[in-house]
Amino acid sequence: MWRVLRYQVHSAFDNMAIDEAIFREVQENRSPPTIRFYGWLQPSVSLGYFQDIRSEVNLDACKRLGVDVVRRPTGGKAVLHGNDLTYAVIARQEGQRFESGILATYLAISRCLSKALRNWGIPVDCAEPGRSSPEVFLNTSCFAKPSRYELLVNGRKICGSAQARSRGSFLQHGSILIDFDAARTVEVLRGTGDMDEQVRSLANSVTCIRDFRPVVEETPLMMSRYLEDAFASEWEISLDTFGMTERERDLAEQIARGRLLNGTLPGTPEGEEG
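In this note's numbering, the protein residues as written are 1074 to 1347.
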């Protein structure tokens, strides 16, 4: 049995705490495999687990623009959220679909994502292993360069994903771009070279839903329903909608409160300050 947590909007702090709580409970076999869709209360940068905040994020710009900064428990590079739909897939590394390793898991999830987007009229393809990419100057951004099996439209990236694995379980995060502001991304993330060149390079490497269809306030919710249907049909699973358990809610609150009291970014390794 799989569970879907349907689209809701939370703060950056709460989004990461919820995913971490579910991930821990799945590791303990106390929670079912889960697919979660969500948005962000305000613009937020999520850092990859191993990224250095001071060298890769312009904190002064984030403060001036009202952009929150959070650290994901997953790897990968930084994402500026606010005009995207974020998903999380959390499950045990069991069964033919996931037990072959990280790339097999990426591919299994990408097939669901691409099916949903194609059904919605977006002509996506998966990035091929070993495929070369153009030089980009904002190498701290998740969307600067496609990784294997990530989604492209005419060679431009529309979705970025990252994974964490622990104790026989995995958490995969992903961000599907509804709209994209290359200039704002360059402003809050540190790159190399001329700022105008960074903006041009990133704009040429990235696309979004708005490039293919009108975007309205309900777009993230509508898109999440297409994704929900695609996961169910592609994997031949039933999705339960019973919501978070009381234990998960309590644990998420505990994680968020602990990070706040310690002055650390959500998802930051113990002992490392944000």
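Glycine included, C-beta positions come from ideal geometry on N, C-alpha and C.
So what's residue i in DSSP terms, helix, strand or just coil?
{"i": "Gly1194", "result": "coil"}
{"i": "Ser1229", "result": "The residue asked about is misnamed: residue 1229 is Arg in this sequence, not Ser. Arg1229: strand per DSSP, three-state reduction."}
{"i": "Arg1184", "result": "helix"}
{"i": "Thr1178", "result": "helix"}
{"i": "Thr1147", "result": "coil"}
{"i": "Val1118", "result": "strand"}
{"i": "Ala1256", "result": "helix"}
{"i": "Phe1110", "result": "strand"}
{"i": "Met1090", "result": "Note that residue 1090 corresponds to Ala in the displayed sequence, not to Met. Residue state, collapsed to three classes: helix."}
{"i": "Val1261", "result": "helix"}
{"i": "Ala1237", "result": "strand"}
With 16 other CB atoms within 10 Å as the buried threshold, where does residue i fall?
{"i": "Gln1245", "result": "buried"}
{"i": "Asn1088", "result": "buried"}
{"i": "Lys1136", "result": "exposed"}
{"i": "Met1074", "result": "exposed"}
{"i": "Ala1085", "result": "buried"}
{"i": "Asp1157", "result": "buried"}
{"i": "Val1077", "result": "buried"}
{"i": "Asp1092", "result": "buried"}
{"i": "Val1082", "result": "exposed"}
{"i": "Pro1287", "result": "exposed"}
{"i": "Thr1265", "result": "exposed"}
Could you tell me which of the options sits nearest to residue i, measuring between CA atoms?
{"i": "Glu1056", "options": "Ile1182, Ile1175, Arg1240, Arg1330", "result": "Outside the shown range of the chain, which is 1074 to 1347, sits residue 1056, and nothing can be said about it."}
{"i": "Thr1107", "options": "Ala1085, Arg1165, Ala1090", "result": "Arg1165"}
{"i": "Asp1302", "options": "Gly1316, Leu1190, Leu1120", "result": "Leu1190"}
{"i": "Ile1231", "options": "Leu1312, Val1152, Val1261, Ala1161", "result": "Val1152"}
{"i": "Phe1285", "options": "Val1272, Ser1311, Ile1251", "result": "Ile1251"}
{"i": "Gly1121", "options": "Met1296, Met1317, Leu1324, Ser1248", "result": "Ser1248"}
{"i": "Glu1167", "options": "Ala1177, Ala1161, Gly1266", "result": "Ala1177"}
{"i": "Ser1173", "options": "Val1130, Ile1126, Arg1238, Arg1076", "result": "Arg1238"}
{"i": "Gly1112", "options": "His1154, Phe1171, Arg1240, Val1289", "result": "His1154"}
{"i": "Asn1277", "options": "Asp1254, Thr1292, Ile1175", "result": "Asp1254"}
What are the boundary residues of the alpha helix (DSSP H) that residue i is part of?
{"i": "Arg1298", "result": "1292-1308"}
{"i": "Gln1271", "result": "1268-1278"}
{"i": "Arg1076", "result": "Premise fails: Arg1076 lies in the beta strand (DSSP E), 1075-1083, not in any alpha helix (DSSP H)."}
{"i": "Leu1138", "result": "1132-1138"}
{"i": "Ile1126", "result": "1126-1129"}
Starting from residue i, follow the beta strand (DSSP E) in both directions and report where the run begins and ends.
{"i": "Gly1168", "result": "From DSSP, Gly1168 is part of no beta strand (DSSP E) but of the alpha helix (DSSP H) over 1168-1171."}
{"i": "Gln1245", "result": "1242-1250"}
{"i": "Ser1104", "result": "Neither: Ser1104 is in no beta strand (DSSP E) and is coded neither H nor E."}
{"i": "Asp1157", "result": "1157-1165"}
{"i": "Val1152", "result": "1152-1154"}
Below 8 angstroms between beta carbons: does that hold for residue i and residue j?
{"i": "Pro1116", "j": "Val1140", "result": "yes"}
{"i": "Ser1242", "j": "Phe1096", "result": "yes"}
{"i": "Ser1104", "j": "Glu1319", "result": "no"}
{"i": "Ser1234", "j": "Tyr1179", "result": "yes"}
{"i": "Ala1094", "j": "Ile1328", "result": "yes"}
{"i": "Val1259", "j": "Met1268", "result": "yes"}
{"i": "Leu1186", "j": "Leu1224", "result": "yes"}
{"i": "Val1162", "j": "Val1197", "result": "no"}
{"i": "Met1296", "j": "Trp1193", "result": "yes"}
Verify the CB distance criterion: does residue i have a CB-CB separation below 8 angstroms to chain D?
{"i": "Glu1129", "result": "No chain D is present in this structure, which holds just one protein chain."}
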